[in-house]
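Working notes for the structure below.
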Amino acid sequence: MGEDIQLMKGNEAIAEAAIRFGVDAYFGYPITPQSEIIEYLAYEDPYNKRTGMVVIQAESEIAAINMVYGAAACGKKAMTSSSSPGISLKQEAISYMVGAELPGLIVNVVRGGPGLGTIQPSQADYFQSVKGGGHGDYNMIVLAPSTVQEQYDHVGLGFELAFKYRNPVMILSDGAIGQMMEKVTLTPQLPRENKILDWATTGKTPDRERNYITSLYLDPEVQENHNIKLQAKFQRMKDTEVRYEEIMTDDAEYIIVAYGISARISQTVITMARKNGIKLGLLRPITLFPFPSKRLFELSDSLKGILCVEMSAGQMIEDVELAVRCKIPVYHYGRMGGGVTSSTEVFEKFVSLFLK
Amino acid sequence: MSDIETYKKELLAQGAKKIFTKTKNLTDTPFSYCGGCGHGVVHRLIMEVVEELNITHDTIGIAPVGCTAIAYEFMNIDMQQAAHGRAPALATGIKRTMPDKYVFTYQGDGDLAAIGTGETIHACNRGENIAIFFVNNGIYGMTGGQMAPTTLPGMVSSTSPYGRNMDTHGYPLSLTELVAKLPGTYYVTRQSVHTPANVRKCKKAIQTAFENQKLNKGLSFVEIVSNCNSGWKMTPVESNKWMEENMFRSYPLGDIKLPQ
Chain A
1 MGEDIQLMKG NEAIAEAAIR FGVDAYFGYP ITPQSEIIEY LAYEDPYNKR
51 TGMVVIQAES EIAAINMVYG AAACGKKAMT SSSSPGISLK QEAISYMVGA
101 ELPGLIVNVV RGGPGLGTIQ PSQADYFQSV KGGGHGDYNM IVLAPSTVQE
151 QYDHVGLGFE LAFKYRNPVM ILSDGAIGQM MEKVTLTPQL PRENKILDWA
201 TTGKTPDRER NYITSLYLDP EVQENHNIKL QAKFQRMKDT EVRYEEIMTD
251 DAEYIIVAYG ISARISQTVI TMARKNGIKL GLLRPITLFP FPSKRLFELS
301 DSLKGILCVE MSAGQMIEDV ELAVRCKIPV YHYGRMGGGV TSSTEVFEKF
351 VSLFLK
Chain B
1 MSDIETYKKE LLAQGAKKIF TKTKNLTDTP FSYCGGCGHG VVHRLIMEVV
51 EELNITHDTI GIAPVGCTAI AYEFMNIDMQ QAAHGRAPAL ATGIKRTMPD
101 KYVFTYQGDG DLAAIGTGET IHACNRGENI AIFFVNNGIY GMTGGQMAPT
151 TLPGMVSSTS PYGRNMDTHG YPLSLTELVA KLPGTYYVTR QSVHTPANVR
201 KCKKAIQTAF ENQKLNKGLS FVEIVSNCNS GWKMTPVESN KWMEENMFRS
251 YPLGDIKLPQ
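Going down the list, the protein sequences come from chains A and B.
Just so we're aligned, residue 1 is where the first sequence starts under our numbering, counting upward by one.
Just so we're aligned, residue 1 is where the second sequence starts under our numbering, counting upward by one.
Spelled out as structure tokens, the structure:
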């Protein structure tokens, strides 16, 4: 049998992946530029026609993420998706999910902000995603797809990591990847698992104590110990889950650090540079938390400088600067508010910053 | 063996007859609720019904934010603790992915009728096959007696120290009558637990709410008007009298919507 390859929008790839990876429930609310996710699922009607996956259009982004909480607390694979303003609304429940140690997947197809902003693509939700976002000390694994294929794959990977750590995972996409069409190799349909997990609230059977899911520990000593346990979990993520891709870094004198759509644009910049005899490489973080800091530190010994390309005022650059500990110059280039950087702009900026 | 257990054994040995046993669905943790408050009775009734219907292993409850945020310390069943007002959304997530389970939320008036108004109305409107137990005492008890959406006209609270003034504070909100109008609700009733007769009626209503879940005909909504003697700054006896004379006038007891 040949491979199952389809031409899909980034948003559609997420929706199809949800069905194929055996997700139990999707709860969403329309917002541009990611409404195709819920539209695709509504049309496919997996509850009746494919896997029995529940699809609900909630009354708000807040209700949608809290439905995820309820289903996740029963050990179900549950997810939601939204775009920037809607993700802001979900932050309270994401914090609760981390506190209550619940797995789940949140997709953010980022648009320009602040405020209602614009429906055009942006990467300005980096801080909100990798530094917590809601209240309290916490992190979650943040995956940054740069192709439609990765949009698809990260749904499976996201749930794997969410259940491994009992912590929510975010896919930080953007309006460009969500809307663009590319070919996707689809994986075979996985069954919905219907596993009974020992910590989940599936009804107290006589053979066990009751399970309760909470983030409330009023005794400060207990709450502090809970925090220490969570921090140890985030450290385990840092130790084992760092993912990144390197292009032409072996002989590079300079590198660009970029993720998502900016990494795609930067790939063209690398080609342009190499044609001009400039030894430029690319490091593309696939996980934004945990961040490939160690690798950047190693690379910095043989580099003359780093350019961070982000569609924001410069957010990831702070993590890059921390990683290389000021050993080499680190600059930012990017546009804001929905403006998409062109490869020529980035190349010219690189030349003016480092080679003039 | 605890002193109480020893004492019980002694009494039984002397020929005492056992006429009441605490349901196994309540833990041995002493209630943290103020003496005289209705929460303890409502907890007991729900847990007794779950035991009597033999659905303990299939029931999932949701605790709100407020005095009963730690209801799972007392209810010996699987439970989830929700963010403020979001319990009906959690219940939706549970019931839709596990339609054979019995799901209930336990919410106060601040949780259900203020911050969670949207989740409440929409869960009712979707006709989720869950039970909502809504304990209405007209005040925010946990945070120290602030004005709630259900606070009565003229009623003094820490954020309406001169009495609730409708010109500036708006009117008391009765979500119970409101959700009864929605086609998604199947059974809507208002009860209390301040007299033995009312306790029995309330228990029957709670039982109906659980039994209805088997029918898949929509949401069962049971309001329980309760006192908050601490928040109202009264003795338990005074507060029950005040409740009869004032709360019941705005929130009359009885069935509001019965299955057709």
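Glycine included, C-beta positions come from ideal geometry on N, C-alpha and C.
Just so it is clear, the structure is predicted and the values come from calculations on it, not from any experiment.
Using the beta-carbon count (16 or more within 10 Å), is A:I65 buried or exposed? Here residue 65 of chain A refers to the residue found at position 65 of the first sequence. Here A:I65 is buried, its C-beta having at least 16 other C-beta atoms within 10 Å.
Name the residues in the segment 62 to 73 of chain A whose C-beta lies less than 9 Å from a C-beta of chain B; which are they? Listed by position, the residues of the segment 62 to 73 of chain A near chain B (Cβ gap below 9 Å) are I62, A63, A64, I65, N66, M67, V68, Y69, G70, A71, A72 and A73.
Kindly indicate which residue of A:A144, A:T202 and A:V184 has the alpha-carbon position closest to the one of A:R264. Stepping through the first sequence from its first residue, residue 264 of chain A is reached at position 264. Closest option to A:R264, Cα to Cα, is A:A144.
Do B:T59 and B:I77 have their C-beta atoms within less than 7 Å of each other? Along the second sequence, read from residue 1 onward, the residue named residue 59 of chain B stands at position 59. Along the second sequence, read from residue 1 onward, the residue named residue 77 of chain B stands at position 77. Contact flag set, yes.
Chain-ordered neighbours of B:Y72 on chain A, where CB pairs are closer than 7 Å: Translated into positions along the second sequence, residue 72 of chain B becomes position 72. Chain-order list of chain A residues neighbouring B:Y72: Y212 and T214, by C-beta distance under 7 Å.
Under a three-way DSSP split, which group does A:I31 fall into? Your numbering for residue 31 of chain A matches position 31 in the first sequence. Coil at A:I31, not helix or strand.
Quick check: is the beta carbon of B:R96 nearer than 7 Å to any beta carbon in chain A? For the purposes of this step, residue 96 of chain B is taken as the residue at position 96 of the second sequence. Chain A, which has a Cβ nearer than 7 Å to the Cβ of B:R96, makes this yes.
Sequence-distant residues of the same chain with beta carbon closer than 7 Å to A:E3, five excluded per side: In the first sequence, counting from the first residue as 1, residue 3 of chain A sits at position 3. Here the set comprises T185.
So, B:T208 versus B:P172, is the Cβ gap smaller than 7 Å? Residue numbering aside, residue 208 of chain B sits at position 208 when the second sequence is read from its first letter. Residue numbering aside, residue 172 of chain B sits at position 172 when the second sequence is read from its first letter. No, Cβ-Cβ distance for B:T208 and B:P172 is not below 7 Å.
Alpha carbon to alpha carbon, how far is A:P290 from A:S129? Give it in angstroms, no decimals. Your numbering for residue 129 of chain A matches position 129 in the first sequence. Your numbering for residue 290 of chain A matches position 290 in the first sequence. Approximately 11 Å between the Cα atoms of the pair.
Is there a Cβ of chain B sitting closer than 7 Å to that of A:T240, yes or no? By one-based count along the first sequence, residue 240 of chain A stands at place 240. No, A:T240 does not count as interfacial toward chain B.
So with Cβ pairs under 7 Å, would you call B:V244 a contact of chain A? Taking the first residue of the second sequence as 1, we reach residue 244 of chain B at position 244. The amino acid at residue 244 of chain B is misidentified as Val; the sequence shows Glu. Answer no: the Cβ-Cβ gap between B:E244 and chain A never drops below 7 Å.
Quick check: the segment 40 to 49 of chain A against the segment 197 to 215 of chain A, are there 3 or more CB pairs under 8 Å? no
B:I206 and B:I4 look like a contact to me (Cβ under 8 Å); what is the Cβ gap, rounded to whole Å? Counting from one through the second sequence, the residue named residue 206 of chain B turns up at place 206. Counting from one through the second sequence, the residue named residue 4 of chain B turns up at place 4. Contact flag wrong, Cβ pair sits at about 28 Å.
So with Cβ pairs under 7 Å, would you call B:R86 a contact of chain A? Translated into the one-based positions of the second sequence, residue 86 of chain B becomes position 86. Answer yes: the Cβ-Cβ gap between B:R86 and chain A drops below 7 Å somewhere.
Would you call the CB atoms of A:S95 and A:G28 closer than 7 Å? Here residue 95 of chain A refers to the residue found at position 95 of the first sequence. Here residue 28 of chain A refers to the residue found at position 28 of the first sequence. Going by C-beta atoms, A:S95 is not nearer than 7 Å to A:G28.
Pull up the distance between the alpha-carbon of A:M53 and that of A:A13, whole angstroms please. Here residue 53 of chain A refers to the residue found at position 53 when the first sequence is read from its first residue. Here residue 13 of chain A refers to the residue found at position 13 when the first sequence is read from its first residue. Straight-line Cα distance between these residues: approximately 16 Å.
I want to see whether chain B comes within less than 7 Å of A:T80, judged by CB atoms only; does it? Position 80 of the first sequence holds residue 80 of chain A. No, its Cβ sits nowhere closer than 7 Å to a Cβ of chain B.
In chain order, what are the residue ranges of uninterrupted beta strand (DSSP E) at least 3 long that sit wholly in the segment 170 to 195 of chain B? 185 to 192
For the structure I just gave you, are there three or more beta carbon pairs, one from the segment 223 to 241 of chain A and one from the segment 104 to 118 of chain A, closer than 8 Å? no
Any beta carbon of chain A sitting closer than 7 Å to that of B:G93? The residue given as residue 93 of chain B occupies position 93 in the second sequence. So yes, B:G93 belongs to the interface.
Where A:M53 sits in the DSSP three-state scheme: Working through the first sequence from its first residue, we reach residue 53 of chain A at position 53. In this structure, A:M53 counts as coil in the three-state DSSP scheme.
Indicate whether B:V188 and B:K95 have their beta-carbon atoms separated by less than 7 Å. Numbered from its first residue, the second sequence carries residue 188 of chain B at position 188. Numbered from its first residue, the second sequence carries residue 95 of chain B at position 95. Not closer than 7 Å, so no.
Please determine, among B:L12, B:G231, B:K101 and B:E211, the residue with the shortest C-alpha to C-alpha distance to B:L53. Along the second sequence, one-based indexing puts residue 53 of chain B at 53. Answer by Cα proximity: B:E211.
Go through its chain and collect everything with a Cβ distance to A:Y244's Cβ below 8 Å, but skip five positions before and after it. Numbered from its first residue, the first sequence carries residue 244 of chain A at position 244. The answer, listed in chain order, is L283, R284, P285, I286, T287, P292 and R295.
Within the 7 Å Cβ cut-off, does B:L90 reach chain A? Taking the first residue of the second sequence as 1, we reach residue 90 of chain B at position 90. So yes, B:L90 belongs to the interface.
Anyone know if the C-beta pair for A:G75 and A:L161 falls short of 7 Å? Taking the first residue of the first sequence as position 1, residue 75 of chain A is located at position 75. Taking the first residue of the first sequence as position 1, residue 161 of chain A is located at position 161. No, these two residues do not count as a Cβ contact at 7 Å.
When the Cα atoms are used, what is the spatial distance from A:R325 to A:R192? As a working mapping, residue 325 of chain A is identified with position 325 in the first sequence. As a working mapping, residue 192 of chain A is identified with position 192 in the first sequence. Each residue's alpha carbon lies about 46 Å from the other.
Local conformation of A:M8 per DSSP, three classes: Position 8 of the first sequence, counting from 1, holds the residue named residue 8 of chain A. Strand.
Which residues does DSSP list as the beta-bridge partners of A:V169? Here the question's residue 169 of chain A lines up with position 169 in the first sequence. A:V169 pairs with A:L105 and A:I141.
Starting from A:D24, find everything on chain B with Cβ-Cβ shorter than 9 Å and list it in chain order. Sequence index remark: in the first sequence, residue 24 of chain A carries index 24 (1-based). Chain-ordered, the chain B residues with CB closer than 9 Å to the CB of A:D24 read T97.
What is the residue span of the beta strand (DSSP E) that A:Y69 lies within? By one-based count along the first sequence, residue 69 of chain A stands at place 69. Careful: A:Y69 lies outside any beta strand (DSSP E), inside the alpha helix (DSSP H) at E61 to A72.
Report the option in B:A114, B:A83, B:Q260 and B:K201 whose CA atom is closest to the CA atom of A:G99. Residue mapping note: residue 99 of chain A aligns to position 99 of the first sequence, counting from 1. The shortest Cα separation from A:G99 among B:A114, B:A83, B:Q260 and B:K201 belongs to B:A83.
Answer with yes or no whether the minimum CB distance from B:N76 to chain A is below 7 Å. What you label residue 76 of chain B is simply residue 76 of the second sequence in a count that begins at 1. Yes, its Cβ sits closer than 7 Å to a Cβ of chain A.
Is the separation between the beta-carbon of B:Y106 and that of B:T68 shorter than 7 Å? As a position in the second sequence, residue 106 of chain B is number 106, starting the count at 1. As a position in the second sequence, residue 68 of chain B is number 68, starting the count at 1. Yes, these two residues count as a Cβ contact at 7 Å.
Can you grab the Cα-Cα spacing for the pair A:I177 / A:S146, in whole Å? Position 177 of the first sequence, counted from the start, is the residue given in the question as residue 177 of chain A. Position 146 of the first sequence, counted from the start, is the residue given in the question as residue 146 of chain A. Taking the straight line from one Cα to the other gives about 7 Å.
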